[in-house]
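Undergrad: Residue 197 in our numbering sits at position 193 of the sequence shown, with consecutive numbering throughout.
Quick reminder that beta carbons are idealized off the backbone N, C-alpha and C, glycines included.
Okay, here's the structure, questions in a sec.
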Amino acid sequence: MPLIEARKLQDKLVELRAQGLIVDTILSVQHPLTVSFGNDGENNAFSQELLAKVLEEYGSSHSSFVERYLTTKEVPMITSKRSGGATVFAPGQYVFYPIVDHTQVTDSHKLDIKAYKSKIYAVMFDALRDLGVNGINTGSAESFKTRQERRDVWVNREGATYKMGSKGVALHRNIAYDGFVLHIDKAGIAHNWMVNQCGYKPHEVRLWSVEQELGKRPSPEEVYASVQRAIAKNFGYGSFRMVNYPREILEASA
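Here it is as structure tokens:
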């Protein structure tokens with residue numbers, strides 16, 4: 005699903021959930037290759053490698069020429085209100101957008117977003133462990149250092165810092181949205197060299213996939229089953245109703 009389409013759908017579902025017209029809903033998507041800047045301006049930056057290619061092509065690395073270069077490569081460039089900094093979405097990254105009443109998930113008050121973030125971390129950790137990944141850290145400084153501390157999904161392999169997933173959370177009244185991404189397929193992170201991922205320079209933090217970690221690529225069914233079990237466990241759900249496309253939800257609520 006294109007990133008813009010997913011954002012519009014998510015905004016609609018957030019409003020429906022806030023009105024109590026739908027239950028908690030998790031969108032599960034993969035996005036086509038897209039460069040995305042979020043609302044964290046300090047951490048939105050193209051990589052030096054990309055800027056060098058643009059400079060060679062056009063004689064200037066101004067942002068207008070970067071966008072022209074990406075257009076010639078058929079890579080959309082989108083700036084949105086999503087939380088976080090620069091990233092590159094691509095098939096092989098499994099993206100999940102929970103649209104939930106976080107006060108019910110955490111049994112806490114509407115301003116306690118920290119409690120909900122802890123639930124998201126737990127979901128990501130449990131899903132990756134279920135797939136066979138071990139030695140995950142919640143923070144980049146728990147057992148090793150990066151330029152700045154960030155809380156996401158990290159592993160340390162032979163002294164190098166690798167990032168296996170990330171999350172972003174936004175609120176609308178009691179409803180939490182945005183979500184998390186897990187790096188499952190190696191191909192899904194092959195294009196992230198184009199940006200300084202979440203503000204990190206390439207030499208500071210590398211991305212890592214489950215396929216690279218295990219030496220094999222999990223099937224989509226395995227990934228979805230692991231994430232569903234992790235969400236059920238940490239969000240306290242007794243069951244799920246699966247729908248093939250959220251239009252069914254929108255039509256039911258009309």
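Any idea if L218 is buried or exposed, counting beta-carbon neighbours within 10 angstroms, 16 or more meaning buried?
TA: exposed
Undergrad: Could you tell me the distance, in whole angstroms, from the CA atom of T165 to the CA atom of L20?
TA: 40 Å
Undergrad: Anyone know if the C-beta pair for Y101 and V227 falls short of 7 Å?
TA: no
Undergrad: Excluding the 5 residues flanking R151 on each side, which residues of the same chain have their C-beta closer than 6 Å to its C-beta?
TA: At R151, the pLDDT of 39 sits below 50, so the modelled position is not reliable; the number obtained from the coordinates is stated separately. Counting only Cβ-Cβ distances below 6 Å, and skipping sequence neighbours, we find E208.
Undergrad: Thinking C-alpha only, which one of K190, G96, A94, A126 is nearest V109?
TA: Out of K190, G96, A94, A126, A126 has the C-alpha closest to the C-alpha of V109.
Undergrad: Taking only the alpha-carbon atoms, compute the straight-line gap between K149 and V159 and give it to the nearest angstrom.
TA: Caution applies to K149, whose pLDDT of 41 falls short of 50 and renders its modelled position unreliable; the value that the coordinates give is listed next. Looking at the two C-alpha atoms, the distance is approximately 12 Å.
Undergrad: Span of the beta strand (DSSP E) holding V39?
TA: 38-41
Undergrad: Does the separation of the CB atoms of F184 and M246 fall below 7 Å?
TA: no
Undergrad: Going by the beta-carbon positions, is the gap between D156 and G172 smaller than 7 Å?
TA: no
Undergrad: Please report the straight-line C-alpha distance between E46 and A174, rounded to a whole angstrom.
TA: 18 Å
Undergrad: With DSSP collapsed to three states, give me the class of S122.
TA: DSSP places S122 in the helix class (H, G or I) of the three-state scheme.
Undergrad: Let me know the secondary structure DSSP gives K12 once reduced to three states.
TA: helix
Undergrad: Would you kindly work out how many angstroms separate the C-alpha atoms of P224 and F93, rounded to a whole number?
TA: 17 Å
Undergrad: For E146, which residues of its own chain have a beta-carbon under 7 Å away from its beta-carbon, when the five flanking residues on both sides are left out?
TA: Residue confidence for E146 is low, a pLDDT of 43 falling below 50, so the modelled location carries little weight; the figure read from the coordinates is stated next. Contacts found: none.
Undergrad: Starting from V247, trace the alpha helix (DSSP H) both ways and give me its first and last residue.
TA: Unbroken run through V247: none, as it is neither H nor E.
Undergrad: For I124, which of A191, G24, S170, I193 has the nearest alpha-carbon?
TA: S170
Undergrad: Please check the pair Q14 and I103, which I expect to be a contact at CB under 8 Å, by giving their CB distance rounded to whole angstroms.
TA: That belief holds up - the Cβ atoms of Q14 and I103 are roughly 7 Å apart, short of 8 Å.
Undergrad: By how many angstroms is the C-alpha of F50 removed from the C-alpha of S65?
TA: 10 Å
Undergrad: Assess contact between the region 48-63 and the region 195-209, defined as three or more Cβ pairs (one per stretch) separated by less than 8 Å. Is contact present?
TA: yes
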